[in-house]
Amino acid sequence: MDKVLETDGLGKRYGSRWVLRDCTVSLPAGSVASLVGPNGAGKSTLLHLAVGLLRPDAGSVRALGAAPYSNTAVLSGLGFVAQDTPLYRDFTADELVRMGGKLNRRWDSTLARTRLAQLGIPPRKPVGRLSGGQRAQVALALALAKRPRLLLLDEPVASLDPLARREFLQSLMGSVAESGATVLLSSHILADLERSCDFVIVLQGGRARLAAPVDDIVAGHRQLIGPRHLGEPIGGVAAVVRASHTDRQSTLTVRTAGAVRDPMWTVREPTLEEIILAYLAERDAEASHEAWGVSA
Amino acid sequence: MIEFVLDGRSKVNTYVQLVQQVKQALRVGLLSAGDQLPKVRDVAQSLAINPNTVLKAYRELELEGLAEGRPGVGTFVRRSLAGDTLADQAELREELIGWLRRSRAAGLSDEDVLALVETTMRAQRQAEALQSEPA
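Respectively, the protein sequence lines represent chains A and B.
Going left to right, the first sequence walks through residues 1 to 296 as this note's numbering numbers them.
Going left to right, the second sequence walks through residues 297 to 431 as this note's numbering numbers them.
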């Protein structure tokens with residue numbers, strides 16, 4: 001299976017601050033992938049690098065097999081919906097569809113018009129006067145009209161109400177089924193992750209903590225509950241993702257390498273959401289306390 | 297054509313839920329051999345789920361010999377699970393309706409009824425297991 005997006009030690013800095021570093025991910029074609037992480041983790045930066053709107057300061061990024069920066073061949077196969085679906089507000093949806101036809105090599109005008117007609121979006125009203133949900137649908141229709149092989153979306157539903165959010169996701173999933181495009185969608189929302197995506201990239205502190213198919217993630221992580229753990233190695237555990245202790249008991253979320261058979265530990269299968277939260281919860285506690293001048 | 301629903305709170309995988317619903321529909325005769333399963337695109341859209349998940353469910357059904365995909369057309373049911381029991385089921389259903397009326401008259405709530413069914417089933421199973429055990 002070929003990879004539609006590959007990054008290798010990718011890094012981006014603003015001044016002396018690295019917002020993304022050592023980011024190595026490989027996204028297989030046909031995936032519906034989710035990019036999750038807290039604010040400031042580097043999600044938008046990664047997406048902008050993937051579509052060539054930013055240039056790397058370290059490492060490399062390849063979209064559809066080549067570096068995207070100023071590469072019209074690659075860019076014509078990419079669709080991008082930026083955060084809060086920005087559109088030229090004074091243009092009507094009809095004008096935007098016509099504009100897309102003039103600005104893009106490959107443009108399926110009929111597809112865009114059919115979608116917008118089915119959704120009941122008024123064609124001759126300035127999009128600035130449409131609801132947030134309608135604007136998001138217009139932005140999606142425009143991206144899909146390019147018939148992209150890889151569609152990237154930067155928190156497209158973050159500011160939408162629950163109904164608009166659901167309608168957007170319905171539209172997106174329906175069109176993915178039709179086109180077979182690969183999708184990378186960045187999101188805050190962890191609930192329902194398992195039903196909407198089959199690949200997850202977890203960004204935290206500018207680093208990719210996890211980038212794997214959902215099935216592998218769920219099969220490869222366990223939660224262990226047992227007596228207070230002091231850091232000694234446990235059979236079957238490749239790495240401890242997150243540990244939480246009381247004076248008597250420890251709860252560990254771990255990445256496994258084989259089965260954990262030690263009867264001292266109660267082994268639980270955490271949900272995908274729980275696993276991701278464990279990765280996200282790991283902040284650099286020491287550095288943070290040091291910065292505040294207090295002891296950890 | 298059946299319509300799928302999802303239990304968002306269930307710990308069961310989405311694709312497994314879809315497989316279970318198809319099997320359930322086959323069992324009660326809502327689906328029979330030759331019927332078409334909902335199109336992948338329609339399921340993905342109406343439930344807002346990853347189309348790969350629907351494909352996974354349909355592939356699982358194919359592996360179990362219950363469905364077959366016809367490229368460009370859709371996925372169709374190959375055989376049913378109902379068998380001869382469908383006729384008996386109508387009779388059992390009638391008896392059940394009568395029983396439910398009596399239980400409601402006796403003051404049982406829905407939860408009481410389900411609890412009664414579950415505990416009785418369990419007890420029956422245990423009794424049967426004990427009976428069939430070698431002396």
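Don't be surprised by glycine CBs; every beta carbon is placed ideally from N, CA and C.
Reference residue i; option with closest CA among the options
| i | options | result |
| --- | --- | --- |
| S250(A) | G220(A), E232(A), E194(A), G65(A) | E232(A) |
| P263(A) | D247(A), G235(A), L277(A), E290(A) | G235(A) |
| P81(A) | F199(A), A145(A), A219(A), T271(A) | For the sequence presented, residue 81(A) should be read as Val rather than Pro. It is A145(A) whose Cα lies nearest to the Cα of V81(A). |
| V138(A) | M173(A), D94(A), E178(A), R147(A) | D94(A) |
| A191(A) | I298(B), E299(B), R305(B), M297(B) | R305(B) |
| S16(A) | V127(A), I275(A), T114(A), D57(A) | D57(A) |
| D247(A) | L172(A), P227(A), T266(A) | P227(A) |
| A177(A) | M417(B), A363(B), V409(B), V339(B) | V339(B) |
| L35(A) | V214(A), S179(A), H245(A) | V214(A) |
| H188(A) | S60(A), D90(A), S44(A), P122(A) | S44(A) |
| V318(B) | F300(B), K352(B), V308(B) | F300(B) |
| K12(A) | G128(A), G52(A), I275(A) | G52(A) |
| F91(A) | L75(A), S60(A), P123(A) | P123(A) |
| L64(A) | M99(A), D2(A), S288(A), Y88(A) | D2(A) |
| V218(A) | L302(B), D408(B), V308(B), I298(B) | V308(B) |
| I275(A) | T72(A), P68(A), R261(A), R255(A) | R255(A) |
| W18(A) | G30(A), S109(A), L46(A) | L46(A) |
| L185(A) | G174(A), S179(A), F199(A) | F199(A) |
| L54(A) | Y14(A), L272(A), R195(A), L103(A) | Y14(A) |
First and last residue of the uninterrupted beta strand (DSSP E) at residue i
| i | result |
| --- | --- |
| G370(B) | 370 to 373 |
| D154(A) | 150 to 154 |
| V377(A) | The structure shown has nothing for residue 377(A), since chain A only spans 1 to 296. |
| E364(B) | 363 to 366 |
| Y14(A) | 3 to 14 |
| Q427(B) | Element bounds for Q427(B): not the beta strand (DSSP E) but the alpha helix (DSSP H), 406 to 428. |
| T182(A) | 182 to 187 |
| F336(A) | Outside the displayed span of chain A (1 to 296) sits residue 336(A), for which this structure offers no information. |
| Q223(A) | 221 to 227 |
| V25(A) | 17 to 28 |
| A239(A) | 237 to 245 |
| R268(A) | 266 to 268 |
| A58(A) | 58 to 63 |
| V36(A) | 32 to 36 |
Contacts of residue i in chain A (Cβ-Cβ under 8 Å)
| i | result |
| --- | --- |
| L302(B) | R195 |
| Q341(B) | Q170, S171, M173, G174, A177 |
| R337(B) | G174, A177, E178 |
Contact list for residue i against chain B, beta-carbon separation under 7 Å
| i | result |
| --- | --- |
| R248(A) | Under the 7 Å cutoff, chain B gives no residues; its nearest Cβ is about 28 Å from R248(A). |
| D192(A) | G304 |
9 Å Cβ cut-off: residues of chain A touching residue i
| i | result |
| --- | --- |
| T371(B) | Within 9 Å Cβ-Cβ: nothing; T371(B) doesn't reach chain A, min ~13 Å. |
Chain D contact for residue i (CB, 8 Å cutoff)
| i | result |
| --- | --- |
| D2(A) | Of the protein chains in this structure, namely A and B, none is chain D. |
Contacts that residue i makes with chain B (C-beta to C-beta distance below 8 Å)
| i | result |
| --- | --- |
| V326(A) | Given a span of 1 to 296 for chain A in the structure shown, any question on residue 326(A) remains unanswerable. |
Contacts that residue i makes with chain B (C-beta to C-beta distance below 9 Å)
| i | result |
| --- | --- |
| R166(A) | A344 |
| D198(A) | N346, N348, T349, K352 |
Segment limits, alpha helix (DSSP H) that includes residue i
| i | result |
| --- | --- |
| V97(A) | 93 to 103 |
| R115(A) | 109 to 119 |
| A211(A) | It is not in any alpha helix (DSSP H) - A211(A) instead sits in the beta strand (DSSP E) that spans 207 to 213. |
| D338(B) | 336 to 343 |
| Q249(A) | Looking at the DSSP string, Q249(A) is not in any alpha helix (DSSP H); the run it does join, the beta strand (DSSP E), is 249 to 256. |
| R135(A) | 132 to 145 |
| L359(B) | 347 to 359 |
| S179(A) | 162 to 179 |
| Q332(B) | Per DSSP, Q332(B) belongs to no alpha helix (DSSP H) and is neither H nor E. |
| T72(A) | 72 to 75 |
| T45(A) | 43 to 50 |
Any non-hydrogen atom of the ligand GDP closer than 7 Å to residue i Cβ
| i | result |
| --- | --- |
| L410(B) | What this structure holds is no ligand at all, so the ligand GDP is not there to describe. |
Handout entry: Any 3 or more C-beta pairs closer than 8 Å across the stretch 26 to 33 of chain A and the stretch 4 to 12 of chain A
Key = yes
Exercise for the section: For the stretch 391 to 402 of chain B and the stretch 350 to 359 of chain B, state whether three or more C-beta atom pairs, one from each stretch, are separated by less than 8 Å. Expected result: no
Problem - Inter-stretch contact at 8 Å, needing at least 3 Cβ pairs: the stretch 168 to 183 of chain A / the stretch 235 to 245 of chain A - result: no
Problem - Residues of the stretch 344 to 358 of chain B with Cβ closer than 7 Å to any Cβ of chain A, in chain order - result: A344, I345, N346, P347, N348, T349
Problem - Against chain B: residues of the stretch 123 to 154 of chain A by CB proximity under 9 Å - result: none
Exercise for the section: Tell me, please, whether the stretch 77 to 91 of chain A touches the stretch 142 to 157 of chain A by the rule of three or more beta-carbon pairs shorter than 8 Å. Expected result: yes
Problem - Interface positions of the stretch 100 to 112 of chain A facing chain B (Cβ-Cβ less than 8 Å), listed along the chain - result: none
Exercise for the section: Give, in chain order, every residue of the stretch 11 to 37 of chain A whose Cβ lies closer than 9 Å to some Cβ of chain B. Expected result: G30, S31, V32
Handout entry: Selection of the stretch 406 to 425 of chain B by Cβ proximity to chain A, strictly under 7 Å
Key = none
Practice task
Could you tell me whether the stretch 218 to 227 of chain A touches the stretch 33 to 47 of chain A, using the rule of 3 or more Cβ pairs below 8 Å?
Solution key: no
Exercise for the section: Say whether the stretch 266 to 284 of chain A touches the stretch 198 to 212 of chain A, bearing in mind that this needs 3 or more beta-carbon pairs closer than 8 Å, one atom from each stretch. Expected result: yes
Exercise for the section: Taking 8 Å as the threshold, find out whether the stretch 407 to 414 of chain B comes into contact with the stretch 366 to 375 of chain B through three or more Cβ pairs. Expected result: no
Handout entry: Three CB pairs or more closer than 8 Å across the stretch 287 to 296 of chain A and the stretch 315 to 330 of chain B
Key = no
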